[in-house]
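Enquirer: Structure provided below as structure tokens; questions to follow.
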Ligand SMILES: Cc1cc2nc3c(=O)[nH]c(=O)nc-3n(C[C@H](O)[C@H](O)[C@H](O)COP(=O)(O)OP(=O)(O)OC[C@H]3O[C@@H](n4cnc5c(N)ncnc54)[C@H](O)[C@@H]3O)c2cc1C
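In our numbering, the protein residues as written are 8 to 310.
Structure (structure tokens):
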């Protein structure tokens, strides 16, 4: 109920305005967001690298409505690759297709994605296309397959809460696509997604096994110790090397577990988001864990 309300609020423009123009809430967003500028994100990325973890940088934003805005976003992604290379960071990039004009036209969006993957290829880097709500899943899978047919430096994300995900994985693996597996962060109906957490988790386990057995390098993105334990056990049983997959976690979430995995010799990549458009991302993080909302409210009234 609370999760559903928070996810609904994440689409509210008036609530977004109130939250993002308030100094206290802006400060509190730093719990999950590296900052509003690329400089701040670079600093956070360097700290992750120094702690033995790779990074994927995300310039926050979604659902742009004009081609000019989408092109601006594309330009900022090109600049991120240049900066990563200049700073010699162990980092790649994640982006959302609705930031790059998917709502305007898939062809237009694909052109922008290709120009970003070209820059990624020039630096021997990688572009991860995040997965958004289920109304975009088919268009995202189709676009990623078309781009993957042209370049190996693109991959995407699959959400274990969707019934369709196993089929999507097989479809994408046929193109040699690298996949990040996560549980899924959007408000979805029972027509398309498992409603019970136990079913989402069971599907996560099943999909983890498919991915780890596939022979491609994938990311297992979760903070759930049970899911992590399953992946570790399965990899050990099947003699899959620790260098053949990575765990991925969000900036500011379970840093204890992030560091433990590094100490245990696993590859870990941290998703480092930054930018002024942090409101929907921040709301999804609050929705994932009711205790975060308590923390937020307590700090708000204390300040
Ligand atoms: C690297 C990465 C990339 C992602 N990309 C996408 C994407 O492209 N599309 C998409 O829909 N979703 C994405 N997600 C979000 C994901 O779908 C889940 O919503 C999120 O990871 C929470 O699920 P969980 O697997 O951690 O398990 P849960 O069962 O939700 O949580 C397990 C435990 O993790 C901790 N935890 C989880 N979330 C939080 C939090 N916000 N704050 C504090 N503690 C927390 C708690 O201890 C909790 O008990 C991504 C997640 C990661 C880690």
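Just so it is clear, CB atoms sit at the ideal spot from N, CA and C, and this is done for glycine as well.
Would you say the beta carbon of residue 35 comes nearer than 6 Å to a heavy atom of ligand 1?
Expert: Walking along the chain shown from the start, residue 35 turns up at place 28. Incorrect: residue 35 has no Cβ contact closer than 6 Å to ligand 1.
Enquirer: Give me the DSSP bridge partner(s) of residue 161.
Expert: Your numbering for residue 161 matches position 154 in the chain shown. Per DSSP, 134.
Enquirer: Let me make sure I understand the geometry here. Which of 133, 276 and 282 has the alpha-carbon closest to that of residue 42?
Expert: Taking the chain shown and counting its residues from 1, the one referred to as residue 42 is at position 35. Nearest option by C-alpha distance: 282.
Enquirer: Go through the stretch 43 to 109 residue by residue and report every complete run of the beta strand (DSSP E) that reaches 3 residues or more, in order.
Expert: The stretch 43 to 109 contains these whole beta strand (DSSP E) runs: 61 to 66 and 98 to 102.
Enquirer: Quick one: residues in its chain with C-beta nearer than 7 Å to the C-beta of residue 36, no 5 flanking neighbours on either side, listed in chain order?
Expert: The residue labelled residue 36 in the question sits at position 29 within the chain shown. These residues qualify, in order along the chain: 285 and 289.
Enquirer: Can the beta-carbon of residue 77 be found less than 7 Å from the beta-carbon of residue 108?
Expert: Position 70 of the chain shown holds residue 77. Position 101 of the chain shown holds residue 108. Cβ atoms of residue 77 and residue 108: closer than 7 Å.
Enquirer: Going by the beta-carbon positions, is the gap between residue 190 and residue 168 smaller than 7 Å?
Expert: One-based indexing of the chain shown puts residue 190 at position 183. One-based indexing of the chain shown puts residue 168 at position 161. Yes, they are a contact pair.
Enquirer: Alpha carbon to alpha carbon, what distance is there between residue 246 and residue 88?
Expert: Locating residue 88 in the chain shown gives position 81, counting from the first residue. Locating residue 246 in the chain shown gives position 239, counting from the first residue. Approximately 34 Å between the Cα atoms of the pair.
Enquirer: Please determine whether the Cβ atom of residue 295 lies at a distance below 6 Å from any heavy atom of ligand 1.
Expert: For the purposes of this step, residue 295 is taken as the residue at position 288 of the chain shown. Yes; taking the cut-off as 6 Å, the Cβ of residue 295 has a heavy atom of ligand 1 nearer than that.
Enquirer: If you follow the beta strand (DSSP E) that residue 186 is part of, which residue opens it and which one closes it?
Expert: Taking the first residue of the chain shown as 1, we reach residue 186 at position 179. Note, residue 186: beta strand (DSSP E), 185 to 189.
Enquirer: Quick one: is the Cβ of residue 8 within less than 6 Å of any heavy atom of ligand 1?
Expert: Here the question's residue 8 lines up with position 1 in the chain shown. No - ligand 1 has no heavy atom lying nearer than 6 Å to the Cβ of residue 8.
Enquirer: How many Å lie between residue 196 and residue 202 at the Cα?
Expert: Locating residue 196 in the chain shown gives position 189, where the first residue counts as 1. Locating residue 202 in the chain shown gives position 195, where the first residue counts as 1. Rounded to the nearest angstrom, the two C-alpha atoms are 8 Å apart.
Enquirer: Given a cut-off of 7 Å, decide if residue 10 and residue 294 are closer than it, judged by their beta-carbon atoms.
Expert: Along the chain shown, one-based indexing puts residue 294 at 287. Along the chain shown, one-based indexing puts residue 10 at 3. Cβ atoms of residue 294 and residue 10: closer than 7 Å.
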